[in-house]
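Chains as they are written, first to last, in full-length UniProt numbering: chain A, 1 to 374; chain B, 1 to 501.
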């Protein structure tokens, strides 16, 4: 039987996301409690978390989280890493033995910066350089997989229920200003650790509940821009589309939302001339970046997240706010579990994004001022 | 003259219990099959002349007529078939190239029929187009790589000219000359009402149809018939015709007897003169020459109209298409080897070119691998027979399709494959005023609207079944297809999996 990554597997899921807009950090236990409420939405074949603001000591370094199937994969990858990067710090990611998480690969993290001489020779900016490196490792080194590559953030995922994954990675010991979580219900084959969510590239991470009917169209569109979809998961495609729109094409996140869940033509025709011009161009240029089919998705980037449904809302998504905290989740129960009395609870319409961002512009300043409450 | 060795192809069966000698069949048949025998006081038929167009069958008020394949057989021979023997008789008699019309009718595999379409079950809800929005609108033209915005979100990108289609379907190039005035009138008016486009073909644009200019694609072919400033100005888009699926590599010939006063004016040639389209454009002997013509036409139309290029699907179609994309074309129309024609040498129609299914798949793959697919539109032609063929063509990588034969069938064509004779009893492929008037464009355009609307509904249903609510999300979505009864090589070229995989 083909392993995940070689074959496309649809899956249903639970998602949850929490941000403190003031930039204050909080423990991973909160998001773990939230996602655990939706235990029945996953089947133990994948769970994961993305945490932002967890590595203040290495906030200028790219944090690579790696899965290795064996020592050889590790050795090959480290040879390549050392040739291309200055490694500021590396370690095995701390885990605790738990009953339900089995068959763990070797899990390591590296805090790196590209070697200037290599970067200059490549004639790329450092982000493109890193993306290329990630694609190279994931595609060409057998048994090695970079599953997290952002700055001052990290993804933690495994095959298991999300609450067990949190316990496994000791997430209660990490503190971040923004967390997302995912519990997976794949409809085929015991999952592969790399196939769990969140899916990450640089600082963009995606947790996703849904199945993209447009998968093959999206994938081929992305390949034209140099992306190589190695995982064959819908989430990978969603992540790359956001990377393309936000990082490469510099679209504001509000408009990126209108690309993946674009307004209908008869809605566009009713807009003001200026908006009509904008959406006419957006829809035509990015027609193949439309994510079609049922989904609810939370995309996290440097300073916030966007949570959005497909444009006819075929998957659940609820949002709530209390003070500086913004919550989004597949079910309201997952929000109420960690926020008893929200100021406001609402169900976003199909295609209407919930966007929550840190209010201070400079995230690095936050850490200079705030105590980390670990 | 020696003896004609041919026997009739069809047999006219008349039910004399029903026949009332009204002579409708006689008046309706341009081939003069039917006649009235006064001595016998009954209608008789000359089977030799019958082409099985079924005009008499349909028109007979008492349903007395049936046309059947003539039961006369040759001694069975798997090698020397009926057609093989008869073609020799005909050529031995005339010394000429065998002519044929409509598309390749040989029993080549039809790959559309070896592909099946996906639908959602459980993990992905299917969408009901009667209750949910379902978008079929598409745009044909070059697309920029990315959108450029200023700080106030004003669009800085300059969008190249686009054709806006309410359905991913256009009426294929069929010239005035090869088909009648009333056929053109039906196509043009239907295109306008539907919000799609029809294509003039290479025979110029009749002055009466200039009012449909916004829904008209005009062709510039090797004969340059009817091309002037007004022609280019009137159209929504200009298409350079390099080749045609029914006869790749050769030109065209409208015999002088079809060049009436009206056609002469439209084509800008003298009445009664043969209209010869050379095999190549004599100003295009290479890809760089094509680029010059593309840009000449863009200059002539102020860069306000898409300029497309139509080619026949041939062995090297992927590389040719890549060249055309780089030469500056806004869209590429590819016509497969089953594409129709008003007249083509039979050997060429039946043996030259490749199936459109392979051509679309390999062109789409090639342009994607070069990273230029999203910059250009791809139109598939060459025997699209129904809405499922359209779904499959788009999933393989086409942006839209051209239909020719299907449109003619909608207005009455019975596929008798005798367009070249000019005796079309249905008033479609003829210039005989008495025959032309049999096709009522008032009815014709409505039948075309019905056809496209019906196909639109079917496409929406199939899209909804796949969990897709925008035709854009089907483009190149080959995971939605599975193959049945194909070799691995065929599956690989089409880029699809086998059913069950």
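Every residue, glycine too, gets a C-beta built ideally from N, C-alpha and C.
Quick caveat, the model's predicted, so the values are computed rather than measured.
Identify the contact partners of residue i in chain A, using a Cβ-Cβ distance below 9 Å as the criterion.
i                     : result
residue 453 (chain B) : The contacting residues do not exist; residue 453 (chain B) stays about 17 Å from chain A at best.
residue 132 (chain B) : 312
residue 371 (chain B) : 223, 224, 225, 226
With distances taken Cα to Cα, identify the nearest neighbour of residue i among the options.
i                     : options                    : result
residue 145 (chain A) : A:152, A:101, A:78         : A:78
residue 324 (chain B) : B:340, B:372, B:280        : B:372
residue 289 (chain A) : A:229, A:252, A:221        : A:221
residue 47 (chain B)  : B:38, B:40, B:29           : B:29
residue 125 (chain B) : A:349, A:313, A:340, A:107 : A:313
residue 308 (chain A) : A:132, A:328, A:320        : A:328
residue 502 (chain B) : B:183, B:109, B:141        : An answer regarding residue 502 (chain B) cannot be provided, because it is not within the stretch 1 to 501 covered by chain B.
residue 255 (chain B) : B:277, B:236, B:265        : B:277
residue 9 (chain B)   : B:235, B:57, B:71, B:20    : B:71
residue 227 (chain A) : A:30, A:130, A:38, A:58    : A:130
residue 414 (chain B) : B:426, B:329, B:268, B:403 : B:426
residue 370 (chain B) : B:457, B:319, B:191, B:301 : B:319
residue 98 (chain A)  : A:12, A:23, A:350, A:163   : A:163
residue 481 (chain B) : B:5, B:33, B:113, B:193    : B:113
residue 136 (chain B) : B:291, B:394, B:13         : B:394
residue 201 (chain B) : B:193, B:192, B:219, B:495 : B:219
residue 245 (chain B) : B:334, B:76, B:141, B:272  : B:334
residue 267 (chain B) : B:109, B:143, B:177        : B:177
residue 343 (chain A) : A:273, A:359, A:322        : A:322
For a contact defined as C-beta to C-beta under 8 Å, what are the partners of residue i on chain B?
i                     : result
residue 163 (chain A) : Those do not exist, as residue 163 (chain A) stays about 24 Å from chain B at its closest Cβ, beyond 8 Å.
residue 249 (chain A) : 146, 147
residue 265 (chain A) : 135, 137
With a threshold of 8 Å between beta carbons, is residue i in contact with chain D?
i                     : result
residue 467 (chain B) : Considering every chain present, this structure includes no chain D. Its protein chains are A and B.
Using a Cβ cut-off of 8 Å, pull out every chain A residue sitting near residue i, in sequence order please.
i                     : result
residue 125 (chain B) : 294, 314
residue 478 (chain B) : 216
residue 162 (chain B) : 284
residue 305 (chain B) : In chain order: nothing, as chain A lies at least about 17 Å away.
List the endpoints of the continuous beta strand (DSSP E) containing residue i.
i                     : result
residue 73 (chain B)  : Note, residue 73 (chain B): premise wrong, no beta strand (DSSP E); not H, not E.
residue 310 (chain B) : 307-312
residue 308 (chain A) : 304-309
residue 300 (chain B) : Premise fails: residue 300 (chain B) lies in the alpha helix (DSSP H), 287-300, not in any beta strand (DSSP E).
residue 170 (chain B) : 169-171
residue 13 (chain B)  : 10-14
residue 346 (chain A) : 344-346
residue 300 (chain A) : 295-301
residue 465 (chain B) : Careful: residue 465 (chain B) lies outside any beta strand (DSSP E), inside the alpha helix (DSSP H) at 441-466.
residue 319 (chain A) : 318-322
residue 327 (chain A) : 325-329
Tell me the residue span of the alpha helix (DSSP H) that contains residue i.
i                     : result
residue 26 (chain B)  : 24-28
residue 156 (chain A) : Looking at the DSSP string, residue 156 (chain A) is not in any alpha helix (DSSP H); the run it does join, the beta strand (DSSP E), is 153-158.
residue 34 (chain B)  : No alpha helix (DSSP H) holds residue 34 (chain B); the beta strand (DSSP E) holding it covers 34-37.
residue 140 (chain A) : 126-140
residue 28 (chain A)  : 28-36
residue 77 (chain A)  : 71-84
residue 127 (chain B) : Unbroken run through residue 127 (chain B): none, as it is neither H nor E.
Strictly by DSSP, which residues pair up with residue i?
i                     : result
residue 91 (chain A)  : A:109
residue 252 (chain B) : B:277
residue 335 (chain B) : B:312, B:381
residue 65 (chain A)  : A:109, A:148
residue 184 (chain A) : A:13
residue 384 (chain A) : The requested residue 384 (chain A) does not occur in the structure, where chain A is confined to residues 1 to 374.
residue 400 (chain B) : B:379
residue 208 (chain A) : A:297
residue 65 (chain B)  : B:14
Who are the neighbours of residue i on chain A, taking C-beta pairs under 7 Å?
i                     : result
residue 139 (chain B) : 284
residue 475 (chain B) : 217, 288
residue 374 (chain B) : 221, 224, 288
residue 472 (chain B) : 287, 288, 290
If the cut is a Cβ gap below 7 Å, which residues of chain B does residue i touch?
i                     : result
residue 12 (chain A)  : 123
residue 179 (chain A) : Those within 7 Å of residue 179 (chain A) in chain B number zero; the least Cβ separation is about 27 Å.
Using a Cβ-based criterion (distance less than 7 Å to any ligand heavy atom), does residue i qualify as near the ligand SAH?
i                     : result
residue 371 (chain B) : Questions concerning the ligand SAH fall outside what the structure shown contains, since it holds no ligand whatsoever.
Contacting positions in the segment 273-287 of chain A - beta carbon closer than 8 Å to chain B:
Taking 8 Å as the Cβ-Cβ cut-off against chain B, the residues of the segment 273-287 of chain A that qualify are 274, 277, 278, 280, 281, 282, 284, 285, 286, 287.
Contacting positions in the segment 203-237 of chain A - beta carbon closer than 7 Å to chain B:
Residues of the segment 203-237 of chain A whose Cβ lies closer than 7 Å to any Cβ of chain B, in chain order: 211, 213, 214, 215, 216, 217, 220, 221, 223, 224.
Just by C-beta distance, which residues in the segment 307-328 of chain B are closer than 9 Å to chain A?
Listed in sequence order: no entries.
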